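Sequential numbering of the sequence shown, starting at 2, is according to my numbering.
The structure appears right after this line, and notes come after that.
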Amino acid sequence: MTMIGGFIFYIVAVVLLLIILANAIKILREYQRAVVFTLGRFTGVKGPGLILLVPYVQQMVRVDLRTRVLDVPSQDVISRDNVSVRVSAVIYFRVIDPEKSVIQVEDFMAATSQLAQTTLRSVLGKHDLDEMLAERDRLNEDIQRMLDAQTDAWGIKVANVEIKHVDINESMIRAIARQAEAERERRAKIINAEGEQQAAAKLVEAAEMLARQPLSMQLRYLSTLNVIAGENSSTIIFPFPMELIHLLNGKADRPTE
């Protein structure tokens, strides 16, 4: 009985020792850190690799340092020009200070998500719809800068913010299409008017050059006749000089003697 009792004692001792070692030895991967608390007080950050803890005296909290992707759900935003849109975004961030991420905030994932939603509505509400559609890069930078400034106290670094979708209702889409069409028509009319203006200026310049050499007009007449004759047309339009009309009218107005 004594031998059996001693054997059982050794078995219990070995089991207890294994339990203690299992609670004392921790292995952390390269991207993990351990925030260690001794009797409830913060005593340091350890890892990666093999770390030893005093069982039941020290506890640790694992913190992942890899970049996380947070999908911000669609938010109802009213732009500065009173247009209602739904905007969704994605945020890339990571923990740079494990101590602050555990001690300063209860759940940094939930806190970052809620802060991202409110910041998204706040920033986009200060801009017009055209800016949301055409200047996403600048808006992304503004949101990222505001989030990074507020999450710095939690040991969080916001690396990037990307606006994914800006959903607009059908009536606003049609209004934007009409606006784009009107803008195209306006540009076409301006280009046409500028073309007429430039053509008129060139015609005036050409008329001045022809006026300095009257014989050049006759050359133009002959050139025009040559072009018309080469078109296999039975009708030839011969330009009649306006000066000859004035000359004939002057002779007709003279009294006969």
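Glycine included, C-beta positions come from ideal geometry on N, C-alpha and C.
Note that this is a predicted model, so its numbers are computed, not measured.
- Annotation for I104: F43 place their beta carbon closer than 7 Å to its own, counting only its chain and skipping 5 residues before and after.
- Secondary structure at K127: coil, using DSSP grouped into helix, strand and coil.
- The beta carbons of D77 and Q33 sit no closer together than 8 Å.
- Rounded to the nearest whole angstrom, the C-alpha separation of V15 and V37 is 27 Å.
- Excluding residues up to 5 positions away in sequence, L29, R30, E31, Y32, Q33, R34 lie with their Cβ nearer than 8 Å to the Cβ of P49 in the same chain.
- Around the CB of L121, 16 or more other CB atoms lie within 10 Å, so the residue is classed as buried.
- Using a C-beta cut-off of 8 Å, the stretch 51-63 makes no contact with the stretch 117-133, since fewer than three inter-stretch Cβ pairs fall below that distance.
- Your pair F94 and A160 checks out as a contact, with CB atoms roughly 6 Å apart and the cut at 8 Å.
- In this structure, the beta-carbon distance from K165 to A112 does not fall below 8 Å.
- Counting only residues of its own chain and dropping the five nearest sequence neighbours on each side, N141 has a CB closer than 7 Å to the CB of V162, E163, I164.
- S85 is bridged by DSSP to I79.
- In the three-state DSSP reduction, P74 falls in the strand class (E or B).
- Shown here for G126: same chain residues with a beta carbon closer than 8 Å to its own, the five before and five after excluded, namely V78, I79, S80, R81 in chain order.
- 8 Å or more divides the Cβ of I157 from the Cβ of V62.
- Taking every protein chain shown into account, the CB of S102 has 16 or more other CB atoms within 10 angstroms, so this residue is buried.
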